[in-house]
Every structure is written in structure tokens, then in C-alpha cells.
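What follows is a set of notes on a single structure, which appears directly below.
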Amino acid sequence: MAELSPDQVAENWGAIASDYERAFEGLSGQFAAHALRLLGLRRDDHVLDVAAGTGVFSLMAARAGAKVLATDFAPGMVARLRERIAEEQLSGISAEVMDGQALAIPDGAFDAGASVLGLIFFPDQDRGLAELRRVLRRDGRAAVVCWRDPATLQLMTLVKQAVHKVVPEFQSHAAPPAWARLAGAEALKTRMEAAGFREVAVVTSKAVQKIDEPEAYWSGFTRSAPPLAHLFGQLGPEVTAAVGREYIGALRAQSRDGLPTLTVEACIGLGRA
Ligand SMILES: C[S@@+](CC[C@H](N)C(=O)[O-])C[C@H]1O[C@@H](n2cnc3c(N)ncnc32)[C@H](O)[C@@H]1O
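Structure, rendered in C-alpha cells:
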């Protein structure tokens, strides 16, 4: 079996749950809201969230009246989501630790399902897609969110450029990420169809995040995903701070009103089981 990358290890995600929530949900929440609109849920629909993280999609669906099961393989993520459910005193939503490649759920149990920037990390993405379809009832709808184009993903290209400016000699030996294999409309459509989804259609979704407090944002951002935590752990605090100044400067350069602004694009694949 191929070696797992840092973003394929449950403990690595669990360890960063609160930084993830602070730094990343501002973006993933915009895709979650778009996916939710496209799914067109009815009140009391049973909805599954695969690789739910700190639960932005699940919480939105529950607030809209759906019955939600949020699943994630990282106990730390599930623990944080359970806290949020309790804080909001939401009913009709629960969270369970579960690997999205082997869902402990009977066939046809849900009316709808989603995975927002989640199953893209699986070592076996096709198995994740097939599992999502298996647990939906006939005609149940799925929404799968992946990145549109890894090569132009600002989130990552700006980090690489900022690291290169501060430490030109730094060489990352990381292999290309698994999530880059399930990116773009064509790959997403083809692979959802191969997993048995029907009437597959893919739309582009854009998320824009204005960063009011760059320093606070940067300190969370460096730990908002396992590969970033790994990279900045290697670089150490001083270099990380210098990279942060470059990164924020680059974001600021492309904003219109002085606030650093990040723009990222995803694809949302919709299909019927
Ligand atoms: C980028 S986060 C997305 C979280 C959430 N869906 C959102 O939109 O904010 C990726 C999530 O995938 C989860 N994950 C990665 N591999 C998984 C697997 N094999 N089974 C279940 N969850 C997994 C991680 O624990 C993490 O919470």
C-alpha cells in the first residue's frame, strides 16, 4: 500500500480542528452553502455529510430542518462538531467517527448526501464515491465538492510563492497531493458516473474571503490543514512569520479596498443515485 500523506491521517486532522474551523470554514462554508442550495433539500430529509470536519455543511443543513448524520474519520473533528451541536442546542443532527471509504450505514438509508472538500483526500476516492452512492435511496441526490484547478489554486500557489521568496533554497519533497487527482469538472463528472451516479452535472463555485485581521488569520492558517502544519513545522517560527508577511502582502496587493482577499474556485458535482 502507498504511504499515507499527512492529510490522510486522522490524528493530523483531529489535532488542528479548531484552527481549521477558524481559518478555513470561511471558505468551505461558502461551498457548503452553494451545495446545500443545489441539493434542494426538503424539511426532514435525511442527509449524510461525509468527511464533515468541524461540520459547516451539517450545521447549515440541520438549521434548515434536515435530519443530519455528520461523519468524519478524525475523532478530534467529530468532538469539535459535537460541541458546536450542543452549543447551538440543535436537534436532528448527530456526529459519528467513520471512514468515508467504508461507511457503517445500510444501503439506501439517506435522501441526500454531500462531501465538501472531504472525499478528495481519500486514498481510494472511487471507493468513497461508491460508498456515498450506496447509502442513498434510489434517486437520492449527492453533492461532491472538489477544487477546480490545483495549478491555479490561490490558497496553495501564494504559499509556495511566499516560501520561495523567503527561503529560495527550500525544496519541498512532498509528493503531488491525492486531492489533485479528483479536481476539475471533467474528472469529477467521469468519476461520479463511474461510481454509478446518474444525471451528473458539475457547476463552478467561487468563494471570496476578506481577511480583517491578517496576523490572527495567518497564525491559524499555518495550522489549518495537515500539510501546512507539516510545512511550517519544518520551517520554524521565524521563517513562518516572514512567509506570513509575504503571503498577506500578496493577498493585500490584489484587494480593492485594502483588505487582504483570497479567491478560490471549486467544482460541485451533482448526481442521482
Ligand atoms: C478540508 S476538511 C473538509 C471539512 C468539511 N467538509 C468542510 O467543508 O469544512 C477535510 C476533512 O476530511 C476528513 N477526512 C479525510 N480522510 C477521511 C476519510 N478517509 N474518512 C472520513 N473523513 C476523512 C478530515 O478529517 C477532514 O475533517
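Using the working numbering, read the sequence shown as starting at 1 and increasing by one per residue. Think of the CB as a built atom: it goes at the ideal place given N, C-alpha and C, for glycine as much as any other residue. Since the model is a prediction, treat every value here as computed from it, not as a measurement.
Within-8 Å CB hit, residue i to chain B
i    : result
L228 : No chain B appears in this structure, which consists of one protein chain only.
Check: residue i C-beta below 7 Å from any heavy atom of ligand 1
i    : result
A51  : yes
M192 : no
L38  : no
M77  : yes
D72  : yes
G269 : no
A62  : no
R122 : Just to set this straight, residue 122 is Phe in the shown sequence, not Arg. Correct: F122 has its Cβ closer than 7 Å to ligand 1.
F170 : no
G118 : yes
F221 : no
Q8   : yes
A32  : yes
S28  : yes
Residue range of the beta strand (DSSP E) that includes residue i
i    : result
T263 : T261 to R272
F110 : F110 to V116
V200 : R198 to K210
T71  : K67 to D72
R138 : L136 to W147
S172 : Run containing S172: none; DSSP gives neither H nor E here.
L36  : Premise fails: L36 lies in the alpha helix (DSSP H), A17 to L39, not in any beta strand (DSSP E).
A95  : I93 to V97
L59  : From DSSP, L59 is part of no beta strand (DSSP E) but of the alpha helix (DSSP H) over V56 to R63.
Cβ neighbour criterion (16 or more within 10 Å) applied to residue i
i    : result
A195 : buried
R181 : exposed
S28  : buried
L251 : buried
Q209 : buried
H46  : buried
E3   : exposed
R37  : exposed
S91  : exposed
V116 : buried
Residue from the options whose Cα sits closest to the Cα of residue i
i    : options                  : result
T54  : I85, R43 and G65         : I85
F197 : G271, F31, A216 and I16  : G271
T152 : Q30, T263 and A23        : T263
F170 : A74, A104 and L231       : L231
L136 : I105, V97, A52 and V9    : I105
P214 : S58, L235 and A241       : A241
D111 : A95, F121, R138 and T157 : R138
A74  : H164, S18, E246 and E238 : S18
V144 : E88, A130, T157 and Q154 : A130
G76  : A61, A66, S58 and E96    : E96
Segment limits, alpha helix (DSSP H) that includes residue i
i    : result
S255 : Counting along the chain, S255 falls outside any alpha helix (DSSP H), and DSSP gives it neither H nor E.
Proximity test, residue i beta-carbon vs ligand 3 heavy atom, cut-off 7 Å
i    : result
G100 : Of the ligands one can find in the structure shown, namely ligand 1, none is ligand 3.
>> So within the segment 222–251, which uninterrupted alpha helix (DSSP H) runs reach at least 4 residues, ignoring any that extend past its ends?
In response: Within the segment 222–251, the runs of alpha helix (DSSP H) at least 4 residues long that lie entirely inside it are, in chain order, 226–235.
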